[in-house]
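Participant:
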Amino acid sequence: QKEVEQDPGPLSVPEGAIVSLNCTYSNSAFQYFMWYRQYSRKGPELLMYTYSSGNKEDGRFTAQVDKSSKYISLFIRDSQPSDSATYLCAMTTGGGKLIFGQGTELSVKP
Amino acid sequence: EAGVAQSPRYKIIEKRQSVAFWCNPISGHATLYWYQQILGQGPKLLIQFQNNGVVDDSQLPKDRFSAERLKGVDSTLKIQPAKLEDSAVYLCASSPSGMETGELFFGEGSRLTVL
Numbered sequence: 044q045k046e047v048e049q050d051p052g053p054l055s056v057p058e059g060a061i062v063s064l065n066c067t068y069s070n071s072a073f074q075y076f077m078w079y080r081q082y083s084r085k086g087p088e089l090l091m092y093t094y095s096s097g098n099k100e101d102g103r104f105t106a107q108v109d110k111s112s113k114y115i116s117l118f119i120r121d122s123q124p125s126d127s128a129t130y131l132c133a134m135t136t137g138g139g140k141l142i143f144g145q146g147t148e149l150s151v152k153p
Numbered sequence: 060e061a062g063v064a065q066s067p068r069y070k071i072i073e074k075r076q077s078v079a080f081w082c083n084p085i086s087g088h089a090t091l092y093w094y095q096q097i098l099g100q101g102p103k104l105l106i107q108f109q110n111n112g113v114v115d116d117s118q119l120p121k122d123r124f125s126a127e128r129l130k131g132v133d134s135t136l137k138i139q140p141a142k143l144e145d146s147a148v149y150l151c152a153s154s155p156s157g158m159e160t161g162e163l164f165f166g167e168g169s170r171l172t173v174l
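So the protein lines, in turn, are chains W and E. Under my numbering, residues 44 to 153 are what the first sequence spells out, in order. Under my numbering, residues 60 to 174 are what the second sequence spells out, in order.
If you want it as structure tokens, here you go:
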């Protein structure tokens, strides 16, 4: 069993849709939870970061962490074609070593 | 602020040949990472440096991979001899000292194809 599981998709939605991306994990020691966005042939860029359980909102993006269920989510409201990318969840116990999910490929159609 | 610089961007080699990748982190970032990203997978940590000391190299295949960070700034990752399964994107990332939250800044990567 992988430490972090993420549905690879691909996921295709129409412009303006609400997108839900999810990851599950097995290591209860993870404390920091991140979502990275990776455009084709580019390096990942940090989108959202959350410490422990709870919600965090930044514009059209909302990150949720449920440590009791070992489940994290990223919601994208009013999705745009420019949101088309691969979304990677990542988590760490601290110290910078990240464990990444497989990534979900998202396509937002105009 | 300049980002993480990596070179070369693309490299094609035959198996059993050697290759080296170079990384220049963001100025002032004490921690440097090399990640391997195989097609369709998330990045996997190969090695983490704090200044010029190794913090974690537990997943580095040491029989063929080596890395160094001289003077605590630039870093080089070498593969010798390369295998077919080493085909991947090699990502360098950096973070400021004390940043334990996982907020890493990645370069664009060096894409290796081993034939």
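All residues carry an ideal CB built from backbone N, CA and C; glycine is no exception.
Pick helix, strand or coil for Glu144/E, following the three-state DSSP scheme.
Facilitator: Your numbering for residue 144/E matches position 85 in the second sequence. Reduced to three states, the DSSP call for Glu144/E is helix.
Participant: Quick one: what does DSSP say Pro57/W is sitting in, helix, strand or coil?
Facilitator: Walking along the first sequence from the start, residue 57/W turns up at place 14. In the three-state scheme derived from DSSP, where H, G and I count as helix and E and B as strand, Pro57/W is classed as strand.
Participant: Can you check whether the C-beta of Gly146/W is within less than 8 angstroms of a C-beta belonging to chain E?
Facilitator: Reading the first sequence from its first residue, position 103 is the one you call residue 146/W. It does; some Cβ of chain E falls within 8 angstroms.
Participant: Return helix, strand or coil for Asp109/W, following the three-state DSSP convention.
Facilitator: The residue given as residue 109/W occupies position 66 in the first sequence. Strand at Asp109/W.
Participant: Using C-beta distances below 6 angstroms, list every residue in its chain close to Ile142/W, excluding the 5 sequence neighbours before and after it, in chain order.
Facilitator: Working through the first sequence from its first residue, we reach residue 142/W at position 99. Answer for Ile142/W: Glu46, Val47 and Met134, listed in chain order.
Participant: Strictly under 8 angstroms for the Cβ-Cβ distance: is Thr90/E near chain W by that measure?
Facilitator: Position 31 of the second sequence, counting from 1, holds the residue named residue 90/E. Taking 8 angstroms as the CB threshold, Thr90/E lines the interface with chain W.
Participant: Between Val56/W and Thr67/W, what straight-line distance do the alpha-carbon atoms span, to the nearest angstrom?
Facilitator: Here residue 56/W refers to the residue found at position 13 when the first sequence is read from its first residue. Here residue 67/W refers to the residue found at position 24 when the first sequence is read from its first residue. Between the alpha carbons of Val56/W and Thr67/W lies a gap of roughly 22 angstroms.
Participant: What residues are listed by DSSP as bridge partners for Gln81/W?
Facilitator: Here residue 81/W corresponds to residue number 38 of the first sequence, with the count starting at 1. The partner list for Gln81/W (beta bridge, DSSP) reads Thr129/W.
Participant: Using 8 angstroms as the Cβ pair cut-off and three pairs as the minimum, do the segment 117 to 131 of chain E and the segment 66 to 76 of chain E touch?
Facilitator: no
Participant: Would you say Tyr75/W faces chain E, with C-beta separation under 8 angstroms as the test?
Facilitator: On the first sequence, residue 75/W is found 32 positions in, with the first residue counted as 1. Yes, Tyr75/W lies at the interface with chain E (some Cβ there is under 8 angstroms from its Cβ).
Participant: Here's the rule I'm using: 16 or more other beta-carbon atoms within 10 Å means buried, otherwise exposed. How should Arg120/W be labelled?
Facilitator: Working through the first sequence from its first residue, we reach residue 120/W at position 77. Here Arg120/W is exposed. Its C-beta has fewer than 16 other C-beta atoms within 10 Å.
Participant: Would you check if the distance between the CB atom of Thr161/E and the CB atom of Gly144/W is smaller than 8 angstroms?
Facilitator: Walking along the second sequence from the start, residue 161/E turns up at place 102. Walking along the first sequence from the start, residue 144/W turns up at place 101. Checking the sequence, you will find Gly at residue 161/E rather than Thr. No, Cβ-Cβ distance for Gly161/E and Gly144/W is not below 8 angstroms.
Participant: Compile a chain-ordered list of the residues in the segment 71 to 104 of chain E whose CB is closer than 9 angstroms to at least one CB of chain W.
Facilitator: Thr90, Tyr92, Tyr94, Gln96, Gly99, Gln100, Gly101, Pro102, Lys103 and Leu104
Participant: Is there a C-beta anywhere in chain W that falls below 8 angstroms from the one on Phe165/E?
Facilitator: Within the second sequence, numbered from 1, the residue matching residue 165/E stands at position 106. Interface residue, yes.
Participant: Looking only at C-alpha atoms, which of Gln139/E, Glu73/E and Gly112/E sits nearest to Tyr92/E?
Facilitator: If you number the second sequence from 1, residue 92/E lands on position 33. Comparing alpha-carbon positions, the option among Gln139/E, Glu73/E and Gly112/E lying closest to Tyr92/E turns out to be Gly112/E.
Participant: Anything in the segment 122 to 143 of chain E with a Cβ closer than 8 angstroms to a Cβ of chain W? List those residues in chain order, please.
Facilitator: none
Participant: Let me check understanding here. Comparing Cα to Cα, which of Glu73/E, Ile71/E, Ala79/E and Lys70/E lies closest to Leu136/E?
Facilitator: As a first step, residue 136/E must be located in the second sequence, where it is residue number 77. For the residues Glu73/E, Ile71/E, Ala79/E and Lys70/E, the minimum Cα distance to Leu136/E belongs to Ala79/E.
Participant: Tell me which same chain residues have a C-beta within less than 7 angstroms of the C-beta of Val173/E, skipping the five on either side of it?
Facilitator: Along the second sequence, one-based indexing puts residue 173/E at 114. Cβ within range, chain order: Ile72, Lys74, Ala141, Lys142, Leu143, Asp145 and Ser146.
Participant: If you pair each beta-carbon of the segment 109 to 125 of chain W with each one of the segment 60 to 77 of chain W, do three or more pairs fall below 8 angstroms?
Facilitator: Taking a contact to require three or more Cβ pairs closer than 8 angstroms, the segment 109 to 125 of chain W and the segment 60 to 77 of chain W qualify as touching.
Participant: I'd like the list of long-range same chain contacts for Gly137/W, defined as Cβ closer than 8 angstroms, with 5 residues on each side in sequence excluded.
Facilitator: For the purposes of this step, residue 137/W is taken as residue 94 along the first sequence, with counting starting at 1. Answer for Gly137/W: Gln74 and Tyr75, listed in chain order.
Participant: Can you tell me whether Val150/E is buried or exposed? The criterion is at least 16 other CB atoms within 10 Å of its CB, across all chains shown.
Facilitator: Locating residue 150/E in the second sequence gives position 91, counting from the first residue. Checking the sequence, you will find Leu at residue 150/E rather than Val. The residue in question, Leu150/E, is buried, as its Cβ has 16 or more Cβ neighbours within 10 Å.
Participant: Going along chain W, which residues have a C-beta under 8 angstroms from Ser150/E?
Facilitator: If you number the second sequence from 1, residue 150/E lands on position 91. Looking at the sequence provided, one finds Leu at residue 150/E rather than Ser. By Cβ distance, chain W contributes Gly86 and Pro87.
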